[in-house]
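Take a look at the structure below.
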Amino acid sequence: MFLHSLNAEQTPQTAYFPPEELPKYFSTTRSYNNSLENKNMNVVFIIWESLSADFIGSLNDYPGYTPFLDSLIAQSLVFTHAYANAERSNKGIPAILSSFPSLMNTAYVSSSYQDNCITGISNYLKKLNYHSSFFHGGNRGTMNFYSYTKRIGFDAYYGREEFGDNTYYDGNWGIYDENFLQFFAGKLNEFPQPFMSVVLTISSHHPFTIPDKHKDKFKKSSSSEIAEAIGYSDYSLGEFFKKAARFPWFSNTLFVITADHPFKLNEHVLTAYNEPENQFRVPIIFYCPGKIQMERSERIAQQVDIMPSVLDYVGFNECFNAYGISLFSESSNVSYQFDNNMYLIQEDRNFLVFDGKTTVESYTLTTEERVAGKRIRHEGVPSSHLENKIKAIIQTYNSQLASNSFCLCN
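Those letters in the sequence shown? Residues 592 to 1001, per my numbering, in order.
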């Protein structure tokens, strides 16, 4: 999808709490007193197009569609209840790289607020002398990624044009994952260290085109048309790691693997993922050979937690703004989304739907029900705590957009 026009959607000015009381419920100010043991560690983000967690066998106790990723998860810190903050790529990328969610219908990068000051991980890591780059195999104007990454300080952008060989063009979106990820690995080896680099894959985007030589090699699903393309992207990722592991920088690199968003919210290979509390589930994986121990954490995590977690891990100790928290230092256990004009929030096993004025629905899952993905309502679940939290998040978000104050750190 190509977005060129400015959307004039304005967020409502909400005043659930007096401004002086708002920080009691939510604040975007972050600062971590971290050690410097991971100073100058390279960081590579692999953002996998449309990778819902239900495709991943090791997260669901069935064979799944991602054998290579499953092998990597066995050596990683993985959050088994991790969530995207939105349903589209141009909303998910700012959530991951700026810790800035999408709490309106229009993506921030194409909204009337797109010229607001916004910060991102590249701005902060530049203070630690990191080189930064963004890779996406599509055309440069796709989804405003180029302009967004420039605004948050990326040093370089590599797309279909920079790849430069249309032999591997899929005829729809861009360069096939296998070829573009090989290009990505090669370019990483050219960058000065420390570097931070991001790649967004493309082949598991509709219409799910894969090279002829790979057709019928990967598992398909009668309930989800994307499954074969997920298998191809998984194979391509495995080939990337084979190449990357040969380079000296590999052993000093933190790899962060997640999705830009889940697949269609009503078309999952596991039916439990069609329920509201599961439909935004994606992987969040931290892999660092020999430095991060394997762990399956059942804490709730979300995309906006990724940037503060990485900044904390590599030793950034200045004040910054984020809608998430560091998963390495804090114990918050929450995720939230905006979908179909409703705000969704969950904390621990409590789930709440808020329409901007009142709670529409709230319920609790037991541990067993949460794992099984069964939607069980329990009457009388206290909702005031979660309602106050989502109100504070909404008020902060709308206020920062209207006042252009997200960059200010107090």
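All residues carry an ideal CB built from backbone N, CA and C; glycine is no exception.
| request: From the DSSP output, read off the bridge partner residues of H672. | output: I891
| field | Length-filtered (4 minimum) alpha helix (DSSP H) runs lying within the stretch 705-739 | value | 712-717
| request: Could you tell me if C879 is buried or exposed, where buried requires 16 or more neighbouring beta carbons within 10 angstroms of its beta carbon? | output: buried
| query | Which residues mark the beginning and the end of the beta strand (DSSP E) in which N987 is found? | reply | In the sequence under discussion, the amino acid at residue 987 is Thr, which differs from the Asn named in the question. Where T987 is concerned, there is no enclosing beta strand (DSSP E), although the alpha helix (DSSP H) it sits in stretches over S975 to S994.
| said: By alpha-carbon positions, which one of S923, Q928, A993 and C998 ends up nearest to F617? | reply: S923
| message | Give me the DSSP bridge partner(s) of T862. | response | None, per the DSSP bridge assignment.
| said: Taking 8 Å as the cut-off, does the stretch 717-724 touch the stretch 761-774 (at least 3 CB pairs, one atom from each stretch)? | reply: no
| request: Name the one or two DSSP bridge partners that V634 has. | output: M787 and L845
| said: Residues in the same chain with beta-carbon distance under 8 Å from N624, minus the five sequence neighbours each way, listed in chain order, please. | reply: Within the same chain, Cβ atoms closer than 8 Å to the Cβ of N624 are found at N908, the five residues on either side in sequence being excluded.
| field | Where I916 sits in the DSSP three-state scheme | value | It is coil, neither helix nor strand.
| said: Just to confirm, is the Cβ distance from R890 to F670 under 8 Å? | reply: yes
| query | So what does DSSP say about T697, is it helix, strand or coil? | reply | coil
| message | Can you confirm whether the stretch 807-823 touches the stretch 607-614 when touching is taken to mean that 3 or more C-beta pairs between the two stretches lie within less than 8 Å? | response | no
| Going by C-alpha distance, which of T862, W840, V873 and E952 is nearest A673? | V873
| query | Whole-angstrom Cβ separation of D903 and S920, contact assumed at under 8 Å? | reply | 5 Å
| query | When DSSP labels each residue in this structure, what does S662 get in the three-state scheme? | reply | helix
| field | chain B contact for F997 (CB, 8 Å cutoff) | value | The displayed structure is made up of one protein chain only, and chain B is not part of it.
| message | Suppose contacts are defined by Cβ-Cβ distances below 8 Å. Is P802 in contact with Y767 by that definition? | response | In contact: P802 and Y767 (Cβ atoms closer than 8 Å).
| request: Report the three-state DSSP secondary structure of M592 (helix, strand or coil). | output: The predicted model places M592 with a pLDDT of 33, which falls under 50 and marks its position as unreliable, so this point remains unresolved.
| said: For the stretch 626-646 against the stretch 841-853, do three or more pairs of beta-carbon atoms, one drawn from each stretch, fall closer than 8 Å, so that the two count as touching? | reply: Yes, the stretch 626-646 is in contact with the stretch 841-853.
| Local conformation of F799 per DSSP, three classes | coil
| Closest to Y988 by CA distance: which of I743, S842 and F691 is it? | F691
| said: Taking the straight line between their C-alpha atoms, what separation do you get for M632 and Q991? | reply: Going from the Cα of M632 to the Cα of Q991 covers about 32 Å.
| request: Specify, as a first and last residue, the run of the beta strand (DSSP E) that Q928 falls within. | output: V925 to D930
| field | Close-in-space but distant-in-sequence residues of the same chain around E640 (CB under 8 Å, 5 per side omitted) | value | Excluding residues within five positions, the ones whose Cβ falls inside 8 Å are S680, L791, T792, I793, S794, S795, H796, S824, A850 and D851.
| message | Just to confirm my understanding: we take T602, look at its own chain, exclude 5 residues before and 5 after, and list those with CB closer than 6 Å. What are they? | response | M695, N989 and L992
| query | For H976, is the classification buried or exposed, using 16 other Cβ atoms within 10 angstroms of its Cβ as the cut-off for buried? | reply | Counting the other Cβ atoms within 10 Å of the Cβ of H976 gives fewer than 16, which makes it exposed.
| query | What is the rounded straight-line gap between the Cα of G881 and the Cα of F832? | reply | Each residue's alpha carbon lies about 15 Å from the other.
| Helix or strand or just coil, what does DSSP make of G744? | coil
| F945 vs Y954 beta-carbon contact at 8 Å | no
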